[in-house]
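Asker:
In the UniProt record's numbering, the protein residues as written are 1 to 183.
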């Protein structure tokens with residue numbers, strides 16, 4: 001187990017609910033101080049960074065550490081824009097972002113997919129069950145499109161299966177439609 005700082009003292013039964021306002025006192029409402037996160041088992045790595053199991057406020061979460069040079073203003077702004085975008089989305093079929101930290105080692109803290117990706121989960125399952133999960137993912141996609149957000153990388157590995165259904169994830173390639181700077 002990797003510790004960034006001592007774990008915050010909260011009960012194991014704490015229910016995590018993201019605040020849906022943009023900023024409080026000049027700080028983004030999605031800001032999670034680094035000392036509240038406890039890193040656990042490494043899950044995956046790639047050009048984007050690394051993904052870990054983690055604990056936040058006594059609850060199991062996923063921590064996505066992003067490889068980016070935060071000294072560069074454009075990188076900081078891009079990370080903040082992605083956090084703002086993801087945090088603004090509230091839908092049963094989109095992985096919840098509980099918060100993020102944009103310090104020198106930026107990370108996202110999000111809902112944990114207990115059953116893995118749709119690609120791995122679908123092996124050996126009945127077609128009807130798989131189609132049910134695909135339908136749920138499409139409901140999440142419709143929510144994105146209703147907000148003029150294009151996912152940009154929709155595939156089975158970016159659809160995660162939780163105890164309460166399928167959810168879209170990995171918004172690193174998302175952009176807002178009809179904005180000249182994103183085309």
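By construction, the Cβ of each residue, glycine as well, lies at the ideal position given by its N, Cα and C atoms.
This one's a predicted model, so the numbers in the text were calculated from it and none came from an experiment.
Between which two residues does the alpha helix (DSSP H) holding residue 42 run?
Answerer: From DSSP, residue 42 is part of no alpha helix (DSSP H) but of the beta strand (DSSP E) over 37-46.
Asker: I need the DSSP call for residue 95, collapsed to helix, strand or coil.
Answerer: Three-state DSSP puts residue 95 in coil, outside helix and strand.
Asker: Hey, how far is the Cα of residue 143 from the Cα of residue 91?
Answerer: 7 Å
Asker: Would you check if there are 3 or more beta carbon pairs closer than 8 Å linking the segment 142-156 to the segment 116-133?
Answerer: Touching, yes, given that three or more Cβ pairs across the two stretches are closer than 8 Å.
Asker: Considering only DSSP beta bridges, list what residue 117 is partnered with.
Answerer: 160
Asker: If we ignore side chains and look at the alpha-carbon of each, how far apart do residue 126 and residue 35 end up?
Answerer: 44 Å
Asker: Verify whether the separation of the beta carbon atoms of residue 38 and residue 49 is less than 8 Å.
Answerer: no
Asker: Which residue comes first and which comes last in the beta strand (DSSP E) that contains residue 53?
Answerer: Residue range 49-56 is occupied by the beta strand (DSSP E) that includes residue 53.
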